[in-house]
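Residue numbers (the numbering used here), protein chains in the order written: chain A, 47 to 179; chain B, 47 to 179. Positions of the beta carbon are idealized from the N, C-alpha and C atoms, including for glycine. Here the structure is a predicted model, which means the values were calculated and not measured. Presented below is the structure to which this report refers.
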């Protein structure tokens with residue numbers, strides 16, 4: 047696309063070497079994500095968390111400015127976090143809050159820009175893509 | 047990290063040139079994401095959608111295998127979709143379903159592998175990262 051336009055910012059955050067107990071504790075995960083949203087200056091709309099058997103949890107916090115999600119693998123001491131925003135909020139505060147709250151000894155992240163003409167497709171199958179018109 | 051291990055797969059899907067009406071219609075968006083989950087062979091746990099004023103919507107479908115989210119900008123005829131899975135499900139079916147259901151004339155996507163030692167950090171600030179131990 048000729049005219050690129052950024053509409054959202056999306057952080058892919060990987061948390062490593064977290065205590066297993068932290069990643070299998072729904073109230074702690076929900077509290078951590080909601081507080082991370084607040085730390086960014088975001089407005090929480092709703093949240094929904096689920097415990098899976100025997101290990102692991104999934105959760106989402108919908109914010110006025112988009113969302114935060116988390117999926118945990120306590121057996122690997124790993125959590126996959128996404129922070130998606132479309133407002134002028136301080137995402138780094140959310141990253142910092144979560145790294146501390148879930149006691150990650152290491153973390154990595156990518157910042158993706160979302161919007162018009164920004165994603166570089168890697169594709170799965172060209173069959174999915176309609177022809178340009 | 048020496049030992050990389052894929053735990054989840056994450057599709058970043060960008061839908062362009064969708065009809066404005068499709069992107070501002072909560073029942074249609076919710077139905078589309080739930081059916082996309084079913085098309086992949088995923089099990090829907092819950093869903094939550096919100097309309098924003100005056101335009102735009104956000105929604106999430108939590109599936110047993112992780113989640114789908116969507117954020118729409120009807121004024122740009124654009125929707126940002128994420129499909130995150132940790133099970134053996136057919137993500138391409140979900141992509142194909144959503145491209146058709148929301149009448150996207152064009153789409154792009156990236157496939158990200160989530161897990162141990164897979165993200166290449168682009169970083170925001172080195173201050174967030176604790177030192178390796």
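### Query
In terms of residue numbering, what span does the alpha helix (DSSP H) encompassing residue 159 of chain B cover?
Taking the first residue of the second chain as position 1, residue 159 of chain B is located at position 113. Careful: residue 159 of chain B lies outside any alpha helix (DSSP H), inside the beta strand (DSSP E) at 152-162.
### Query
In its own chain, which residues sit with a C-beta less than 8 Å from the C-beta of residue 93 of chain B, not counting the 5 before and 5 after it?
Reading the second chain from its first residue, position 47 is the one you call residue 93 of chain B. 76, 79, 80, 105, 106, 107 and 108, listed in sequence order.
### Task
Could you name the residues of chain B that residue 122 of chain A contacts, counting a contact when the two beta carbons are closer than 8 Å?
Reading the first chain from its first residue, position 76 is the one you call residue 122 of chain A. By Cβ distance, chain B contributes 51, 53, 161 and 162.
### Message
Any beta carbon of chain A sitting closer than 8 Å to that of residue 132 of chain B?
### Response
Residue mapping note: residue 132 of chain B aligns to position 86 of the second chain, counting from 1. Any Cβ of chain A closer than 8 Å to the Cβ of residue 132 of chain B would place that residue at the interface, and such an atom is present.
### Straight-line gap, residue 58 of chain B to residue 128 of chain B (C-alpha atoms, nearest Å)
Mapped onto the second chain, residue 58 of chain B falls at position 12. Mapped onto the second chain, residue 128 of chain B falls at position 82. Straight-line Cα distance between these residues: approximately 5 Å.
### Message
Does any residue of chain A have a CB that is nearer than 8 Å to the CB of residue 129 of chain B?
### Response
As a working mapping, residue 129 of chain B is identified with position 83 in the second chain. Residue contact with chain A for residue 129 of chain B: absent (no Cβ-Cβ distance below 8 Å to any residue of chain A).
### Residues near residue 161 of chain A by beta carbon distance below 8 Å, same chain, minus five either side
Here residue 161 of chain A refers to the residue found at position 115 when the first chain is read from its first residue. These residues qualify, in order along the chain: 50, 51, 52, 53 and 54.
### Query
Along the stretch 56-82 of chain A, what residues have a CB closer than 9 Å to any CB found in chain B?
The stretch 56-82 of chain A vs chain B, Cβ under 9 Å: 56, 57, 58, 59, 60, 62 and 63.
### Query
Shorter than 8 Å from the beta carbon of residue 126 of chain B to some beta carbon of chain A?
What you label residue 126 of chain B is simply residue 80 of the second chain in a count that begins at 1. For residue 126 of chain B, at least one C-beta of chain A is nearer than 8 Å to its own C-beta.
### chain A contact for residue 118 of chain B (CB, 8 Å cutoff)
Walking along the second chain from the start, residue 118 of chain B turns up at place 72. At a cut-off of 8 Å between beta carbons, residue 118 of chain B makes no contact with chain A.
### Query
Between residue 103 of chain A and residue 69 of chain A, is the Cβ-Cβ spacing less than 8 Å?
Along the first chain, read from residue 1 onward, the residue named residue 103 of chain A stands at position 57. Along the first chain, read from residue 1 onward, the residue named residue 69 of chain A stands at position 23. In contact: residue 103 of chain A and residue 69 of chain A (Cβ atoms closer than 8 Å).
### Message
So, for residue 74 of chain B: in the same chain, excluding its five sequence neighbours on each side, which residues have a beta-carbon less than 7 Å away from its beta-carbon?
### Response
To locate residue 74 of chain B, count along the second chain from 1; it is residue 28. 68, listed in sequence order.
### Task
Run down chain B in chain order and give the residues with a C-beta less than 7 Å from the C-beta of residue 108 of chain A.
Start at 1 with the first residue of the first chain, and residue 108 of chain A comes out as number 62. Correct list: 94, 96, 104 and 106.
### Task
Pull up the distance between the alpha-carbon of residue 65 of chain A and that of residue 96 of chain A, whole angstroms please.
Locating residue 65 of chain A in the first chain gives position 19, where the first residue counts as 1. Locating residue 96 of chain A in the first chain gives position 50, where the first residue counts as 1. Rounded to whole angstroms, residue 65 of chain A to residue 96 of chain A spans 19 Å at the Cα level.
### Query
Between which two residues does the beta strand (DSSP E) harbouring residue 97 of chain B extend?
Translated into the one-based positions of the second chain, residue 97 of chain B becomes position 51. Counting along the chain, the unbroken beta strand (DSSP E) around residue 97 of chain B starts and ends at 90-97.
### Query
In chain order, what residues of the same chain have a beta carbon less than 6 Å from the beta carbon of residue 111 of chain B, not counting five sequence neighbours either side?
Here residue 111 of chain B corresponds to residue number 65 of the second chain, with the count starting at 1. Listed in chain order, the non-local C-beta contacts of residue 111 of chain B below 6 Å within the same chain comprise 88, 131, 132, 133 and 135, local neighbours out to five positions each way being set aside.
### Message
At the level of alpha carbons, what is the spacing between residue 170 of chain A and residue 123 of chain A?
### Response
The residue given as residue 170 of chain A occupies position 124 in the first chain. The residue given as residue 123 of chain A occupies position 77 in the first chain. Low confidence applies to residue 170 of chain A: its pLDDT is 45, below 50, so where it sits in the model is not reliable enough to give any reading.
### Query
Quick one: is residue 179 of chain B near chain A, going by C-beta distance under 8 Å?
Residue numbering aside, residue 179 of chain B sits at position 133 when the second chain is read from its first letter. Confidence at residue 179 of chain B is low in this model, with a pLDDT of 31, below 50, so the placement of that residue should be treated as unreliable; the coordinate-derived value is given next. Chain A, which has a Cβ nearer than 8 Å to the Cβ of residue 179 of chain B, makes this yes.
### Query
Can you tell me whether DSSP reads residue 101 of chain A as helix, strand or coil?
In the first chain, the residue the question calls residue 101 of chain A occupies position 55. Correct three-state label for residue 101 of chain A: coil.
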